[in-house]
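In this note's numbering, the protein residues as written are 17 to 473.
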């Protein structure tokens with residue numbers, strides 16, 4: 017039974033192969049921009065300056081499938097899909113001005129006007145200031161509004177059929193894991209369901225407001241430190257609707273659960289569950305298309321420090337960057353309740369309260385040495401019940417590196433990542449197929465050595 021296949025068996029397998037180009041896609045952007053700068057007029061702190069810029073670009077997008085090939089491989093999760101010539105034009109004008117009111121106070125102002133052929137116009141201002149308290153300390157701040165149009169892929173991206181990351185019970189045919197008279201255990205209970213994701217022609221632009229205020233100061237020679245408070249609000253955030261949210265409240269999100277008996281016979285034939293019992297009330301698929309999910313309100317603090325010195329004849333630099341998220345509240349849909357996400361896993365991902373990077377570099381002659389520490393704080397897991405493991409531990413990685421530049425035009429280097437072979441912390445997350453850890457934020461590979469060579473011609 018473990019011998020070589022016969023030629024007839026090989027021919028049979030070969031005949032079952034699907035050959036060809038599954039799909040093709042193309043994105044283009046052609047643009048031109050210009051900028052004009054000049055001093056404007058004199059002020060007590062120096063010359064006021066103005067800058068005017070303009071930009072025009074055309075974006076194009078196309079994606080097509082080989083329909084015969086796609087339909088012959090249903091497990092690939094794609095349907096015939098054709099966008100031959102989606103395009104738009106974008107024009108923008110930007111004006112920036114700098115006003116040195118005095119030797120201590122500097123004011124900034126900017127205005128940006130954008131026009132999208134598919135999403136209309138938007139005008140967004142920005143104001144800022146910088147005040148010198150002393151030769152070693154300054155205050156600074158800014159406030160602005162923002163606008164982000166959906167990308168062409170957000171709007172026209174191919175809609176694909178895939179499976180949910182987690183297994184779910186059908187809330188009607190298998191509530192609580194117990195099948196009803198019309199339910200089928202192998203179809204409706206504890207099963208992955210098919211999902212439709214991809215572009216959505218109904219998605220609308222994001223708008224935002226942001227405020228920041230902080231200080232930069234030099235408490236000692238060669239040491240620079242900064243602290244900045246930030247507050248950001250995003251309206252109609254663009255993203256994919258989380259599958260877990262749909263099943264957490266299937267009554268509220270019933271419109272995102274598409275059942276077989278609501279589809280035409282032709283449509284139902286494209287979905288696996290609908291083929292078990294024709295015309296049944298089984299879930300055909302859930303809709304997780306790109307959409308406007310509601311608003312986000314978040315605020316926190318950014319910290320940084322940079323210090324340079326000489327240690328044992330080596331030029332040494334220390335750099336630190338950290339972010340503390342005080343609050344991150346979001347809505348699942350426009351007009352919905354706000355949910356606090358900071359320090360917690362909610363819907364599809366956690367928001368880390370604290371993240372920082374600390375790097376050290378030392379150089380002598382042709383050698384450069386580096387060390388880095390990456391840290392992410394722990395958080396309350398997706399399974400919030402304290403009777404289970406519901407706290408994800410913090411995650412710290414240490415890296416070491418060395419490079420050599422003693423050969424003309426050549427740089428040799430090596431980096432030992434995750435020096436202490438730290439394992440990812442355990443999590444119950446169900447947003448990805450990988451279980452027991454979260455591959456979006458942690459690395460299961462452990463200690464790894466990378467070498468590189470860079471030659472400049």
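Here a beta-carbon is modelled for each residue, glycine too, at the ideal position from N, C-alpha and C. Treat the numbers as computed from the prediction; the structure is a model and nothing was measured.
**Study point:** Whole-Å CB distance - residue 226 paired with residue 246, under 8 Å assumed
**Key:** 7 Å
Review point. Taking Cβ positions, are residue 140 and residue 107 nearer each other than 8 Å?
Key: no
**Study point:** Opposing strand residues paired with residue 224 [DSSP bridges]
**Key:** 162, 250
Point to revise | Secondary structure of residue 356, DSSP reduced to three states | key: strand
Point to revise | Per-residue DSSP class, three states only, for residue 80 | key: strand
**Study point:** Three-state class that DSSP yields for residue 289 in the structure shown
**Key:** helix
**Study point:** Residues bridged to residue 390 (per DSSP)
**Key:** 373, 413
Review point. Mind checking whether residue 259 and residue 180 have CB atoms under 8 Å apart?
Key: yes
Point to revise | residue 366 classed as buried or exposed, judged by whether at least 16 other C-beta atoms fall within 10 angstroms | key: buried
Point to revise | Segment contact, 8 Å Cβ cut-off, at least three pairs: the stretch 66-79 with the stretch 32-51 | key: yes
Review point. Taking Cβ to Cβ, would you say residue 390 is nearer than 8 Å to residue 376?
Key: no
Check your understanding: So is residue 356 in contact with chain B if we call contact Cβ pairs under 8 Å?
Key -> The structure shown contains no chain B; it is built from a single protein chain.
Point to revise | Nearest neighbour of residue 422, chosen from 379, 19, 282 [CA to CA] | key: 379
Check your understanding: Got a sec? Which residues, its chain only, sit under 8 Å from residue 235 by beta carbon, not counting five neighbours each side?
Key -> 152, 241
Review point. For residue 364, which three-state DSSP category applies?
Key: coil
**Study point:** Pair within 8 Å by beta-carbon distance, residue 477 and residue 297
**Key:** The question about residue 477 has no answer here: the residues shown for the chain are numbered 17 through 473.
Check your understanding: Leaving out the 5 sequence neighbours to the left and right, which residues in its chain are closer than 7 Å to residue 468 when beta-carbon positions are compared?
Key -> 429
**Study point:** Terminal residues of the alpha helix (DSSP H) in which residue 260 lies
**Key:** 259-264
Review point. Mind checking residue 398: buried by the 16 CB within 10 Å criterion, or exposed?
Key: buried
Exercise for review: For residue 470, I'd like the list of residues in its chain whose CB is within less than 6 Å of its CB, leaving aside the five on either flank, ordered along the chain.
Suggested key: 427
Exercise for review: Identify the continuous alpha helix (DSSP H) that holds residue 202 and give its terminal residues.
Suggested key: 201-204
**Study point:** Neighbourhood of residue 186 by C-beta, 6 Å cutoff - its chain only, sequence neighbours within 5 removed
**Key:** 204, 299
Practice item. Kindly indicate the opening and closing residues of the alpha helix (DSSP H) around residue 169. Key: 168-172
**Study point:** Whole-Å CB distance - residue 170 paired with residue 306, under 8 Å assumed
**Key:** 5 Å
Practice item. Alpha carbon to alpha carbon, how far is residue 154 from residue 119? Give it in angstroms, no decimals. Key: 12 Å
Exercise for review: Measure how close the beta-carbons of residue 103 and residue 75 come, nearest whole angstrom, since I'm counting them as under 8 Å.
Suggested key: 6 Å
Check your understanding: Considering only C-alpha positions, which residue in the set 115, 165, 324, 87 is nearest to residue 134?
Key -> 165
Check your understanding: Would you report the Cα separation of residue 110 and residue 128, rounded to the nearest angstrom?
Key -> 4 Å
Check your understanding: Using the C-alpha atoms, what's the distance from residue 206 back to residue 289?
Key -> 14 Å
**Study point:** The beta strand (DSSP E) enclosing residue 454, as first and last residue numbers
**Key:** First-last for residue 454: undefined, no H or E at that position.
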